[in-house]
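A.B. asks:
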Amino acid sequence: MGLNEHSNGHSKSNRWMKLSIYMGAFISHFTAGIVNVALPGLSGTFQTDLATVQWITTAYLLVISLCLPLMGHWGDRLGHRTVHNLGYLLFTVASVLVAFAPHVTALIVCRVLQAVGAAMFQSTNMALLTVHLPKEQRGRALGVLSTAVALGAMTGPIAGGLITEWLTWRWLFVIHVPAAVLATFLAYRYIPGRQTTNKARSFDGVGALCFAAAIGFLIFGVSRGGQAGGWNSAQTWMPFIISGISLLVLLRWESRHPEPFLPVHLMRKPMLGVGLAVSLISFALANAVLVAAPFYLMTFARINHAALGYVMTAYPILLAVTGPLAGSLSDRCGPKRLIVSGLGAMGAGSLLMALFLDSLSLPGIIVVLALFGTGMGLIASPNNSLMMNLTPAAYSGAMGSIIALTRNVGMVLGAAVALGLLSGQTEEGLRHEADAFYTIFVLNLILSLAALAVFVLVALKSRRLAASGIDS
Numbered sequence: 002m003g004l005n006e007h008s009n010g011h012s013k014s015n016r017w018m019k020l021s022i023y024m025g026a027f028i029s030h031f032t033a034g035i036v037n038v039a040l041p042g043l044s045g046t047f048q049t050d051l052a053t054v055q056w057i058t059t060a061y062l063l064v065i066s067l068c069l070p071l072m073g074h075w076g077d078r079l080g081h082r083t084v085h086n087l088g089y090l091l092f093t094v095a096s097v098l099v100a101f102a103p104h105v106t107a108l109i110v111c112r113v114l115q116a117v118g119a120a121m122f123q124s125t126n127m128a129l130l131t132v133h134l135p136k137e138q139r140g141r142a143l144g145v146l147s148t149a150v151a152l153g154a155m156t157g158p159i160a161g162g163l164i165t166e167w168l169t170w171r172w173l174f175v176i177h178v179p180a181a182v183l184a185t186f187l188a189y190r191y192i193p194g195r196q197t198t199n200k201a202r203s204f205d206g207v208g209a210l211c212f213a214a215a216i217g218f219l220i221f222g223v224s225r226g227g228q229a230g231g232w233n234s235a236q237t238w239m240p241f242i243i244s245g246i247s248l249l250v251l252l253r254w255e256s257r258h259p260e261p262f263l264p265v266h267l268m269r270k271p272m273l274g275v276g277l278a279v280s281l282i283s284f285a286l287a288n289a290v291l292v293a294a295p296f297y298l299m300t301f302a303r304i305n306h307a308a309l310g311y312v313m314t315a316y317p318i319l320l321a322v323t324g325p326l327a328g329s330l331s332d333r334c335g336p337k338r339l340i341v342s343g344l345g346a347m348g349a350g351s352l353l354m355a356l357f358l359d360s361l362s363l364p365g366i367i368v369v370l371a372l373f374g375t376g377m378g379l380i381a382s383p384n385n386s387l388m389m390n391l392t393p394a395a396y397s398g399a400m401g402s403i404i405a406l407t408r409n410v411g412m413v414l415g416a417a418v419a420l421g422l423l424s425g426q427t428e429e430g431l432r433h434e435a436d437a438f439y440t441i442f443v444l445n446l447i448l449s450l451a452a453l454a455v456f457v458l459v460a461l462k463s464r465r466l467a468a469s470g471i472d473s
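Each number in the numbering used here comes from the position in the sequence shown (counting from 1) with 1 added on.
(1) Roughly how many angstroms separate the alpha carbons of ILE366 and TRP75, rounded to a whole number?
(2) By the three-class DSSP mapping on this structure, what secondary structure does ILE447 have?
(3) Along the chain, which unbroken stretches of the alpha helix (DSSP H) at least 4 residues long are found entirely within the stretch 64-121?
(4) How long is the line joining the alpha carbons of ARG56 and GLY345, rounded to whole angstroms?
(5) To the nearest angstrom, how far is it from the Cα of THR427 to the Cα of THR440?
(6) According to DSSP, simplified to helix, strand and coil, what is GLU260?
(7) So, are the CB atoms of LEU388 and MET400 less than 8 Å apart?
(8) Report the three-state DSSP secondary structure of GLN138 (helix, strand or coil).
(9) Would a C-beta distance cut-off of 8 Å place ILE22 and LEU129 closer than the cut-off?
(10) Quick one, which of LEU98, PRO179, ALA278, PRO240 has its alpha-carbon nearest GLN115's?
(11) My understanding is that VAL117 touches VAL64, with C-beta atoms under 8 Å, so please give their C-beta distance in whole angstroms.
(12) Return the residue from the list PHE122, MET127, PHE92, THR125 that minimises the CA-CA distance to ARG112.
(13) Would you please state the rounded distance, in angstroms, between the beta carbons of GLY276 and MET268? I believe it to be under 8 Å.
(14) Three-state secondary structure (DSSP) at ILE403?
(15) Any idea if PHE101 is buried or exposed, counting beta-carbon neighbours within 10 angstroms, 16 or more meaning buried?
(16) Given a cut-off of 8 Å on the beta-carbon distance, is the pair ILE220 and LEU62 in contact?
(17) Report the rounded CA-to-CA distance for THR198 versus PHE262, giving the unit in angstroms.
(18) Compute the Euclidean distance between the alpha carbons of GLY328 and ASN384, then round it to the nearest angstrom.
(19) At the level of alpha carbons, what is the spacing between PHE284 and PHE438?
(20) For ILE28, count the other beta carbons within 10 Å of its own beta carbon; 16 or more makes it buried, fewer makes it exposed. Which is it?
(21) Decide yes or no for the touch test of the stretch 392-410 against the stretch 344-363: beta carbon pairs closer than 8 Å, at least 3 of them.
(22) Taking 8 Å as the threshold (C-beta atoms), are LEU173 and ILE164 in contact?
(23) Can you tell me which of the three DSSP states ARG333 falls into?
(24) Which of helix, strand or coil does DSSP assign to ARG16?
(25) Do you know offhand how far GLU137's Cα is from ASP332's?
(26) If you reduce the DSSP assignment to three classes, tell me which class LYS462 lands in.
(27) Just mark GLU255 as buried or exposed, buried being the case when its beta carbon has 16 or more other beta carbons within 10 Å.
(28) How big is the Cα-Cα spacing for LEU320 and THR148?
(29) Give the range of the alpha helix (DSSP H) segment to which SER283 is assigned.
(30) Looking at the secondary structure, which residues open and close the alpha helix (DSSP H) in which ARG190 lies?
(31) DSSP three-state label for SER342, please.
(32) In the DSSP assignment, find the alpha helix (DSSP H) that holds VAL175 and state where it starts and stops.
(33) Quick check on this structure: which residue in HIS104, PRO336, ASP436 has the alpha carbon closest to the alpha carbon of PHE301?
(34) Nearest to ALA184 by CA position, among ASP205, HIS85, ALA394, ILE282, is which residue?
(35) Could you give the distance in angstroms between the alpha-carbon of SER476 and the alpha-carbon of TYR396?
In structure tokens:
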């Protein structure tokens, strides 16, 4: 076989490998959002209260968040391909089982199995792209991956609404199965078997337990915030207190453990720490706006649900265009300026909404959504590329899982804060919807500016240290 033929064959295999990974990223987030709009109907179908059926969504998000670092750890030990592809198998089988669940308890159990599978391939997809692609292609690949995640999260609720209107509830859980089967086939066929060999590390059970408590109680507290009692109740704040204590214990334990569950020693590189913070904040900012925008459009623009769907597409369209482009630019020009531009775009969108809350026209609202879509596209892939390039190969799975964790937690927190403010159950006791919207966008502006300032300061400091010959 000639050199060109070999190169073309390798390039073709890489394309199929990337497609299989992108499909998994899309499907797992599509599945997370497709159920939300159907929860009231499922409550009637299973003749149970809404608080119970909400666990169909909450359990899925919670189990993914708990399992991500664990699966990243096993990916580094057993091989990213092994964990990733087994995750596809488990996810696909569990999806079929969910659709045939006889009662709500069985459905939630099957959703937990589905979430474990999703965590297996979410935690290893970035590592696979980083290991098997040349450095000059990683940024674009991670950009497409980020776009697939966002498009899955955006299209899930739309599909859920159509299925709820026209089909039975079982279609919510099987509509993606053909795509999952295809992704599984492509993954086993085209993801290379070669794997960097990493030294086996002992399992840090105490660290894993503390992490599970910190994340589990955090998400449990967030899920209770919009329920009876709201954010002011002791039942809501107690999980947050337990989560904070668990986090402090985790950080202290991990800093002294020779082989920690979470590679906290990597945070000695300031750019890694600030990159994770930017990831969490940017997804929280975007999700807060995506949750608040439909309420805003119906309250101030007074548009119907059909028009609402068209207006909301401004976000995913700009994200789909900007994400891969930003990934390519980060490969050639570096990621930092793109991240700064992305945070600036999100801040500009928040400023527009805060200044012209009562008078912004429909085209103006579309511009704001486009700014957030552009901002997320400029941030996600360059930021992921920055962090993965700073991570030693032996920890690529663990870091990929932590990045995915910040994304999931950011989305949950952004949605919870926006819904909490709009429900009028916040500590400030907001009485008017306008006040709630104003608070959401001002908070977004403050957070985006704070993240921008910290990122720029840390980047400048890292550049000075690099110029001095010190590893930053």
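Every residue gets a Cβ at the ideal spot worked out from N, C-alpha and C, and that includes glycine.
Please read all numbers here as calculations on a predicted model, not as lab measurements.
C.D. replies: Taking the definition as stated:
(1) Stepping through the sequence shown from its first residue, residue 366 is reached at position 365. Stepping through the sequence shown from its first residue, residue 75 is reached at position 74. About 44 Å.
(2) Taking the first residue of the sequence shown as 1, we reach residue 447 at position 446. Of the three classes helix, strand and coil, the one that applies to ILE447 here is helix, per DSSP.
(3) 81-100
(4) Position 55 of the sequence shown holds residue 56. Position 344 of the sequence shown holds residue 345. Before going on, a small fix: residue 56 reads as Trp here, not Arg. When rounded, the distance between both Cα atoms is 36 Å.
(5) In the sequence shown, counting from the first residue as 1, residue 427 sits at position 426. In the sequence shown, counting from the first residue as 1, residue 440 sits at position 439. Because THR427 sits at a pLDDT of 40, beneath the cut-off of 50, its placement in the model cannot be relied upon, and the point is left open.
(6) Position 259 of the sequence shown holds residue 260. Note: GLU260 maps to coil in three-state DSSP.
(7) Along the sequence shown, read from residue 1 onward, the residue named residue 388 stands at position 387. Along the sequence shown, read from residue 1 onward, the residue named residue 400 stands at position 399. Sequence inspection shows Met at residue 388; the Leu mentioned does not correspond to that position. Yes, Cβ-Cβ distance for MET388 and MET400 is below 8 Å.
(8) Here residue 138 refers to the residue found at position 137 of the sequence shown. Assignment of GLN138 by DSSP, reduced to helix, strand and coil, places it in the helix class.
(9) Position 21 of the sequence shown, counting from 1, holds the residue named residue 22. Position 128 of the sequence shown, counting from 1, holds the residue named residue 129. Closer than 8 Å, so yes.
(10) As a position in the sequence shown, residue 115 is number 114, starting the count at 1. Checking every option, the nearest Cα to that of GLN115 belongs to LEU98.
(11) Residue mapping note: residue 117 aligns to position 116 of the sequence shown, counting from 1. Residue mapping note: residue 64 aligns to position 63 of the sequence shown, counting from 1. Right, their Cβ atoms sit about 6 Å apart.
(12) By 1-based counting over the sequence shown, the position of residue 112 is 111. With distances taken between Cα atoms, ARG112 lies closest to PHE92.
(13) Residue mapping note: residue 276 aligns to position 275 of the sequence shown, counting from 1. Residue mapping note: residue 268 aligns to position 267 of the sequence shown, counting from 1. The pair is not a contact, with the Cβ atoms about 10 Å apart (cut-off 8 Å).
(14) Sequence index remark: in the sequence shown, residue 403 carries index 402 (1-based). Of the three classes helix, strand and coil, the one that applies to ILE403 here is helix, per DSSP.
(15) Within the sequence shown, the letter at position 100 stands for residue 101. Under this definition PHE101 is an exposed residue.
(16) By one-based count along the sequence shown, residue 220 stands at place 219. By one-based count along the sequence shown, residue 62 stands at place 61. A contact, by the Cβ cut-off of 8 Å.
(17) Counting from 1 along the sequence shown, the entry for residue 198 is found at position 197. Counting from 1 along the sequence shown, the entry for residue 262 is found at position 261. With a pLDDT of only 48 at THR198, under the threshold of 50, the placement of this residue in the model should not be trusted; the figure read from the coordinates follows. Cα-Cα distance, rounded: 19 Å.
(18) Residue 328 sits at position 327 when you count from the first residue of the sequence shown. Residue 384 sits at position 383 when you count from the first residue of the sequence shown. Their backbone Cα atoms lie some 9 Å apart in a straight line.
(19) The residue you call residue 284 lines up with position 283 of the sequence shown. The residue you call residue 438 lines up with position 437 of the sequence shown. Approximately 18 Å between the Cα atoms of the pair.
(20) On the sequence shown, residue 28 is found 27 positions in, with the first residue counted as 1. With 16 or more Cβ atoms within 10 Å of its Cβ, ILE28 is classed as buried.
(21) no
(22) Looking up residue 164 in the sequence shown gives position 163. Looking up residue 173 in the sequence shown gives position 172. Against a cut-off of 8 Å, the Cβ pair of LEU173 and ILE164 comes out as a contact.
(23) By one-based count along the sequence shown, residue 333 stands at place 332. The three-state secondary structure of ARG333, taken from DSSP, is helix.
(24) Taking the first residue of the sequence shown as 1, we reach residue 16 at position 15. The answer is helix: DSSP assigns ARG16 an H, G or I state.
(25) Here residue 137 refers to the residue found at position 136 of the sequence shown. Here residue 332 refers to the residue found at position 331 of the sequence shown. CA-to-CA, the gap between GLU137 and ASP332 works out to about 5 Å.
(26) The count along the sequence shown starts at 1 and reaches residue 462 at position 461. If DSSP states are grouped into helix, strand and coil, LYS462 belongs with the helices.
(27) Taking the sequence shown and counting its residues from 1, one reaches residue 255 at position 254. Per the 10 Å Cβ criterion, buried.
(28) On the sequence shown, position 319 is the one that residue 320 refers to. On the sequence shown, position 147 is the one that residue 148 refers to. Going by the C-alpha atoms only, they are around 6 Å apart.
(29) Locating residue 283 in the sequence shown gives position 282, where the first residue counts as 1. Residues 271-297.
(30) Counted from its first residue, the sequence shown places residue 190 at position 189. Counting along the chain, the alpha helix (DSSP H) containing ARG190 begins and ends at 178-191.
(31) Start at 1 with the first residue of the sequence shown, and residue 342 comes out as number 341. Helix at SER342.
(32) In the sequence shown, the residue the question calls residue 175 occupies position 174. Segment 172-175, the alpha helix (DSSP H) holding VAL175.
(33) As a working mapping, residue 301 is identified with position 300 in the sequence shown. Answer by Cα proximity: ASP436.
(34) For the purposes of this step, residue 184 is taken as residue 183 along the sequence shown, with counting starting at 1. Answer by Cα proximity: HIS85.
(35) For residue 476 there is no data in the structure shown, the boundaries of the chain being 2 and 473.
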